[in-house]
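Working notes for the structure below.
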Amino acid sequence: MHTVVVGTSGTTAEDVIAVARGNARVELSGEALDALARAREIVDALAAKPEPVYGVSTGFGALASRHISPELRAQLQRNIVRSHAAGMGPRVEREVVRALMFLRLKTVASGYTGVRPSVAQTMADVLNAGITPVVHEYGSLGCSGDLAPLSHCALTLMGEGDAEGPDGIVRPAGELLAEAGIEPVELREKEGLALLNGTDGMLGMLIMALADLGKLYTSADITAALTLEALLGTEKVLAPELHAIRPHPGQGASAANMAAVLEGSGLVRHYQEETAPRVQDAYSVRCAPQVAGAGRDTMAHAALVASRELASAVDNPVVLPDGRVESNGNFHGAPVAYVLDFLAIAAADLGSIAERRTDRLLDKNRSHGLPPFLADDAGVDSGLMIAQYTQAALVSEMKRLAVPASADSIPSSAMQEDHVSMGWSGARKLRIAIDNLTRIVAIELYAATRAIELRHGLTPSPASRAAIAAVREAGVQGPGPDRFLAPDLAAADAFVRSGALVAAVEAVTGPLA
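See the structure below:
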């Protein structure tokens with residue numbers, strides 16, 4: 007099994023995905039254990055002094071003015087975890103919780119939090135045992151970190167609350183720890199707070215969203231090329247010299263992808279209107295690289311933000327090497343929240359342009375000779391009429407999901423935390439948007455492959471033929487009389503979601519961007 011070693015200098019997106027989705031084993035480096043021990047010595051020294059230090063010997067948030075006596079501090083740390091584990095609603099996905107736990111461990115291992123090495127080791131042990139705390143949909147405002155979600159994770163470390171075992175069954179966390187031979191932690195000064203104060207949930211979801219969108223944007227370039235081919239459009243607009251004079255990197259990459267798919271096509275530029283030849287294709291076809299490319303550049307910016315956050319130690323207060331324990335605002339989720347919203351906006355626009363291309367394929371007045379709704383016997387058959395309705399409904403939902411969460415703020419903690427990022431909410435809606443975008447691309451794939459097969463006597467490109475053959479082999483049926491359509495659409499969705507579309511095309515074209 008792949009092992010991820012956590013040091014003091016952050017981690018990588020690949021490691022997050024390996025732990026969250028691939029169940030990679032986690033180990034703490036010797037460097038991290040040494041840094042943890044040094045920071046803990048500082049915390050212990052400060053805890054012994056009579057002067058109050060926030061997070062060490064005081065209350066929290068709006069209650070930070072109270073100095074807590076030594077005999078109550080263990081109770082204080084337990085209480086912050088119990089009281090903050092106040093989430094509600096459906097359970098969050100296992101991969102999100104594993105990313106959340108791993109990223110909190112990443113910050114703990116930095117040596118800036120003051121957590122004992124034994125607590126960090128328990129965090130790694132819980133991940134390695136396949137124990138997943140029950141975390142709920144609602145509870146994070148994205149400021150002071152993802153407090154409620156992280157609290158539910160910390161509760162599991164204490165042997166309290168519920169968690170999912172490696173068998174997928176939810177049981178009391180104490181039972182699962184005992185079966186795995188893991189001793190519950192007894193939190194000491196600073197530790198309860200350090201386990202809760204991070205942007206780990208929203209960051210984990212951002213990293214996984216970027217991985218999913220990377221494959222999805224390539225899929226969308228492929229389906230855009232298939233639609234251009236099915237509409238007998240021109241590939242001249244994909245010429246690299248045209249994109250070089252507007253040098254947005256994403257635009258050039260998308261145009262190159264589409265050109266690679268269309269190489270050798272017998273359909274492009276095969277105009278039917280001989281008396282009025284088409285000079286230009288519609289925007290949804292001609293501007294596909296510009297729209298998808300802008301989304302790619304948005305992803306590049308989001309990846310830069312994610313890389314900086316992965317290299318960060320997000321906690322409050324932090325333990326500095328010179329012995330100071332300083333309060334700060336690094337837990338505020340604004341940098342991550344903004345790009346989560348930006349990605350949802352770009353995804354909505356990509357879904358919108360894909361739906362417009364699909365609608366064009368189905369409209370006999372704009373499809374350049376294709377049958378109405380790609381039906382076998384129009385009138386008796388409805389063809390893909392209602393598939394486009396489904397696609398339109400998904401697009402409409404994506405537009406609602408594109409409304410920024412980060413533009414909102416709601417005060418909390420008796421106005422101490424009077425401005426919040428709502429980054430967790432942005433991440434949650436982005437996950438839904440990506441699911442919907444996958445379905446939208448799948449419907450365009452379904453329509454475009456059928457339309458190409460209806461161009462009798464014309465030969466599609468080798469890459470298009472490979473895509474059509476692969477999607478048919480995956481159980482997505484081709485042209486014919488009306489049938490129960492939902493299973494076909496579900497199979498197309500699974501085909502896109504699995505990466506099989508990209509794999510089929512790359513077998514012909516070589517690697518796409």
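519 is the number that the working numbering gives the last residue of the sequence shown; the numbers go up by one with no jumps. Cβ coordinates follow ideal geometry from the N, Cα and C atoms, glycine included. All values reported here derive from a predicted model rather than from experimental measurement.
Starting from the C-beta of residue i, find all residues in its chain whose C-beta is less than 8 Å away, skip the five residues before and the five after it, and write them out in chain order.
| i | result |
| --- | --- |
| A130 | V12, V32, E33, L34, L111 |
| N203 | S150, G151, L153, L156, V320, D321, N322, F337 |
| C159 | V103, L106, M107, R110, P139, V141, L201 |
| R72 | T64, G65 |
| R489 | Q483 |
| E459 | I474, G484, P485 |
| E37 | G13, T14 |
Going by beta carbon distance, what residues of the same chain come within less than 7 Å of residue i, once the five residues before and after it are set aside?
| i | result |
| --- | --- |
| I23 | I213, M214, A217 |
| D499 | T444, R445, A448 |
| H276 | L238, L464 |
| E450 | T229, T233, A360, R363, T364 |
| P58 | T64, H73 |
| S333 | Y60, N322, P323 |
| S427 | G148, C149, H338, G339, A340, A343, S412 |
How far does the alpha helix (DSSP H) with residue i in it extend, from its first residue to its last?
| i | result |
| --- | --- |
| A169 | That residue, A169, is in no alpha helix (DSSP H); its beta strand (DSSP E) goes 168 to 170. |
| T224 | 206 to 236 |
| V87 | 79 to 90 |
| E361 | 340 to 368 |
| T396 | 391 to 407 |
| V132 | 123 to 134 |
| T9 | It is not in any alpha helix (DSSP H) - T9 instead sits in the beta strand (DSSP E) that spans 9 to 12. |
| R445 | 429 to 459 |
| M305 | 294 to 316 |
| R471 | 468 to 479 |
| F192 | It is worth fixing the name first, because residue 192 is Glu in this sequence and not Phe. Per DSSP, E192 belongs to no alpha helix (DSSP H) and is neither H nor E. |
| M264 | 255 to 268 |
Select from the options the residue whose C-alpha is nearest the C-alpha of residue i.
| i | options | result |
| --- | --- | --- |
| G198 | K405, I416, S89 | S89 |
| Y98 | A475, L42, M208 | A small correction: the amino acid at residue 98 is Val; Tyr does not occupy that position in the sequence shown. Selected option, being the one with the closest Cα: M208. |
| S290 | A352, G117, S358 | S358 |
| A381 | I440, E403, G486 | G486 |
| S146 | I458, A480, S418 | S418 |
| D173 | E166, L182, G167 | L182 |
| S361 | A340, Y395, L346 | It should be pointed out that residue 361 corresponds to Glu in this sequence rather than to Ser. For the residues A340, Y395, L346, the minimum Cα distance to E361 belongs to Y395. |
| L201 | M164, E241, I74, S431 | M164 |
| V125 | M305, R46, V482, I474 | R46 |
| N442 | I474, L495, G484, A411 | L495 |
| A413 | R27, D347, G484 | D347 |
| V274 | G36, R471, S467 | S467 |
| A53 | S388, E143, V243, V325 | V325 |
| L356 | D369, L390, D303, R372 | D303 |
| G375 | L491, R461, P123 | R461 |
| F501 | V409, L222, D383, Q257 | L222 |
Which first and last residues belong to the beta strand (DSSP E) in which residue i is found?
| i | result |
| --- | --- |
| G95 | 94 to 97 |
| Y118 | That residue, Y118, is in no beta strand (DSSP E); it is neither H nor E in DSSP. |
| H142 | 142 to 144 |
| P178 | 176 to 178 |
| R31 | 31 to 34 |
How many whole angstroms separate the CB atoms of residue i and residue j, which I take to be in contact at a CB cut-off of 8 Å?
| i | j | result |
| --- | --- | --- |
| A354 | K405 | 5 Å |
| L193 | A80 | 7 Å |
| V345 | A398 | No, V345 and A398 are not in contact; Cβ-Cβ is about 28 Å, not under 8 Å. |
| A352 | A300 | 7 Å |
| L42 | V132 | Going by Cβ atoms, the distance from L42 to V132 rounds to 17 Å, so no, they are not a contact pair. |
| L407 | A350 | 6 Å |
| R366 | A288 | 6 Å |
| A226 | A298 | 6 Å |
| A317 | S75 | Their Cβ separation, rounded to whole angstroms, is 38 Å, which puts A317 and S75 out of contact at 8 Å. |
| G429 | T113 | Going by Cβ atoms, the distance from G429 to T113 rounds to 16 Å, so no, they are not a contact pair. |
For residue i, which residues from the same chain have a beta carbon less than 6 Å from its beta carbon, with the 5 sequence-adjacent residues on both sides left out?
| i | result |
| --- | --- |
| A469 | V267, V511, V514, T515 |
| G61 | K196, L199, P323 |
| D50 | none |
| A135 | A186 |
| G244 | It is Leu, not Gly, that sits at residue 244 in the sequence shown. Closer than 6 Å at the Cβ level, and outside the excluded window around L244, lie A261, M264, A265. |
So that I know if they touch, is there some Cβ in chain C lying closer than 8 Å to that of residue i?
| i | result |
| --- | --- |
| L182 | Structure shown: chain C not included; a single protein chain is present. |
> Between the region 452 to 472 and the region 232 to 248, do three or more beta carbon pairs fall short of 8 Å?
Replying inline: Yes, they touch.
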